[in-house]
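*Asks:*
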Amino acid sequence: MDGQSALQQLVKHYAQQPERLSKQVRIEQALRHTITQEWPDQTRLPSHRQLALALGVARHTLSLAVATLLKEGLLTTSHGRGTWSCRTKASTTPSPTSVQLSKRAQRVLRWPGASTVQSGAFVPGIPDIAQFPMRKWRQLYASVTVPQNALLLSYSTGGYGPLKRAIKEFLERWRNIRCDTEQIIITDGTHNGIELCAMALADVGDTVAMESPCYWGARNVFTAAGLNINMVAWHPGQGHVLPDAPRKTRLAYLTGSQHYPLSVATSATDKQRLCDALSPDYVVEDDYEFDRDDHTNLLFDPQSTRHLLVGSFSKMMFPGLRLGYLVVPHHLAGPMNRLRSELFREGRMLDQAVLAQFIFDGDLDAWCRRIQRDYLGRQQVLHDQLCSLSSVRSVSPPSSAISLCVEFEPPVDDVQIAQALLNEHLIVRPLSPVCASHDPRVGLVLGVGMLSGETLSRESQRLRRCLEALLR
């Protein structure tokens, strides 16, 4: 194959990639397809200058994409001689995402997901673990680990009873929700609760409606469960942009009182309009982050026969806890508890007992009040640094949440900016990968959980300087 034909095929497949992906990712995917599906083995690539010109990208962006394919073994290079495709070598080492894994697993891994970097300046989704009262937490472990409590080392059935009562009272105080303890199911965090809803309430091929932008973790869980995802764009103050012909909806997954990742207050009225239009059989609301006064934004009704609430202590306390809860309708409590036991088994009674005592002693309430005041101040510092940047459309208003969202004016490449910031040890998430294909929003999701005081001020200024250069 001559170089011109190879170039034309690559350009064609590059143009077919979704525009919401970064240019680097689009080049990588186009190269993978042409190397494995169309080019003969040992096809010589045109020069980087020719490729960059034909694709309309910077040579640096092209070099990053080529470097990725070199690592994967799909390209090989020799100094001064050029770069060739390596189809034969690649075929002898099957890609785990294309051969060994299920189609559902491949769909999950196609999207950007959990980062391998879980600490650093502005990493989203991580609360302040440095200030958490760990001494009290260790003392509670010592108090419950006594010979009389040997049963805490066994399986649990439906969750630890005292923890359910503690959660019931906590929900009354903080969320104005009055439910029965029988409606509460203890889960191993938010993902486990969402997975239980998908397994119990939907079959493979059913449709789940999600807001765009969405929480990537929930999208992955629903994808792994074999559900079709209908992304509905949500704009604060404007409501949902409904599809012309909505599909029959089995589940609607909505964020709670604080939208993630946009980090703005939601509207129960907006959510009710969406449910009226889509008529889902069940509505799962994820109370990802909240404060004591925003419960009116919740659509959840504990007396409803179709509303469920997902909650987690990981964002309030520390991620490694991996304990959460589901509040379900009365008629679903028994079947879903049994299903959880059959699918996942239940344990971690020691953790549940410690958490129950932590709540009963008032320590969780005190911690939430204290740390949410801190988060509000931290968000104000970051907001003030970012709101006047060029190309910034909006910055989410300061709140007591751990996340903040910056929206850019299109066509800023937020994926490329996030990668460039990572090289500066500034850890953020791009917004576009969690938006629907018809939702062109771009931006960054940042966290304030791991920075405070002078460190926050210094790193916020450094972030601003980096963004000024990148947006220019």
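When we follow this note's numbering, the leftmost residue of the sequence shown carries the number 296, and every step to the right adds one.
Yeah, the Cβ is synthetic: ideal placement off N, Cα and C, and Gly gets one too.
If you're wondering where the values come from, they're calculated on a predicted model, not measured in any experiment.
(1) Go ahead and pull the three-state DSSP assignment for A310.
(2) Quick one, are the C-beta atoms of G744 and V701 less than 8 Å apart?
(3) Classify E719 as helix, strand or coil using the three-state DSSP reduction.
(4) Within its chain, find whatever has a CB closer than 7 Å to the CB of P769; leave out the 5 residues flanking it on each side and keep chain order.
(5) Distance check for E477 and K318, CA to CA, integer angstroms please.
(6) Output needed for A362: all residues of its chain with C-beta closer than 8 Å, excluding positions within five of it in sequence on either side, in chain order.
(7) Taking 8 Å as the cut-off, does the segment 413-423 touch the segment 740-756 (at least 3 CB pairs, one atom from each stretch)?
(8) Contact between the segment 595-608 and the segment 457-475 is defined here as three or more beta-carbon pairs at a separation below 8 Å; is this criterion met?
(9) Output the boundary residues of the beta strand (DSSP E) element that contains S380.
(10) Going by C-alpha to C-alpha distance, which of V499, S380, L717 sits closest to R399?
(11) Going straight from the alpha carbon of P728 to that of I654, what length do you get?
(12) Taking A520 as the reference, which of L546, L537, Q533, C509 has the closest Cα?
(13) Output the boundary residues of the alpha helix (DSSP H) element that contains G672.
(14) Cα separation between S552 and N523?
(15) DSSP on H486, reduced to helix/strand/coil?
(16) Could you name the residues of the same chain whose beta carbon sits closer than 8 Å to that of P428, not counting the 5 residues immediately before and after it, in chain order?
(17) Judging by CA-CA distance, which residue of G368, A349, A648, L721 is the nearest neighbour of Q337?
(18) Within the chosen definition, does the segment 686-695 reach the segment 714-726 through at least 3 CB pairs nearer than 8 Å?
(19) What does the alpha-carbon distance come out to for the pair A497 and E580?
(20) What number of angstroms, rounded off, separates the C-alpha of S358 from the C-alpha of L365?
(21) How close, in whole Å, do the beta carbons of L758 and I712 come, if the pair is a contact with beta carbons under 8 Å?
(22) In its own chain, which residues sit with a C-beta less than 6 Å from the C-beta of A696, not counting the 5 before and 5 after it?
(23) May I have a chain-ordered list of the beta strand (DSSP E) segments no shorter than 3 residues that lie completely inside the segment 522-595?
(24) Measuring only the C-alpha atoms, how far is C761 from L716?
(25) Using a Cβ distance threshold of 8 Å, determine whether the segment 471-489 contacts the segment 672-686, with at least three qualifying pairs required.
(26) Shortest alpha-carbon distance to G770 belongs to which of L348, A360, P341, H590?
(27) For T600, does the three-state DSSP call read helix, strand or coil?
(28) Going by C-alpha distance, which of I666, R664, Q667, L699 is nearest L677?
(29) Over what stretch of residues does the beta strand (DSSP E) that includes C700 continue unbroken?
(30) With DSSP collapsed to three states, give me the class of Y620.
(31) Could you spell out where the beta strand (DSSP E) holding F418 opens and where it closes?
(32) Could you tell me which of D679, D656, V740, C492 sits nearest to L621, measuring between CA atoms?
(33) Looking at the structure shown, is V361 part of a helix, part of a strand, or coil, going by DSSP?
(34) Taking 8 Å as the threshold (C-beta atoms), are D709 and L726 in contact?
(35) Rounding to the nearest angstrom, what Cα-Cα distance links W379 and I330 in this structure?
(36) Using alpha carbons as the reference points, say which of G619, Q533, E323, Q304 lies closest to N487.
*Replies:* Walking through what the data contain:
(1) helix
(2) no
(3) coil
(4) This structure cannot settle anything about residue 769, because the visible part of the chain is limited to 296 through 767.
(5) 51 Å
(6) none
(7) yes
(8) yes
(9) 377-380
(10) V499
(11) 37 Å
(12) L546
(13) 658-681
(14) 25 Å
(15) helix
(16) D658, W662
(17) G368
(18) no
(19) 16 Å
(20) 10 Å
(21) The Cβ separation is near 11 Å, so there is no contact.
(22) Q553, S558, E584
(23) 523-530, 534-536, 546-550, 577-581
(24) 7 Å
(25) no
(26) Outside the shown range of the chain, which is 296 to 767, sits residue 770, and nothing can be said about it.
(27) coil
(28) L699
(29) 698-703
(30) strand
(31) As written in the sequence, residue 418 is Val, which differs from the Phe given in the question. Note, V418: premise wrong, no beta strand (DSSP E); not H, not E.
(32) C492
(33) helix
(34) yes
(35) 10 Å
(36) G619
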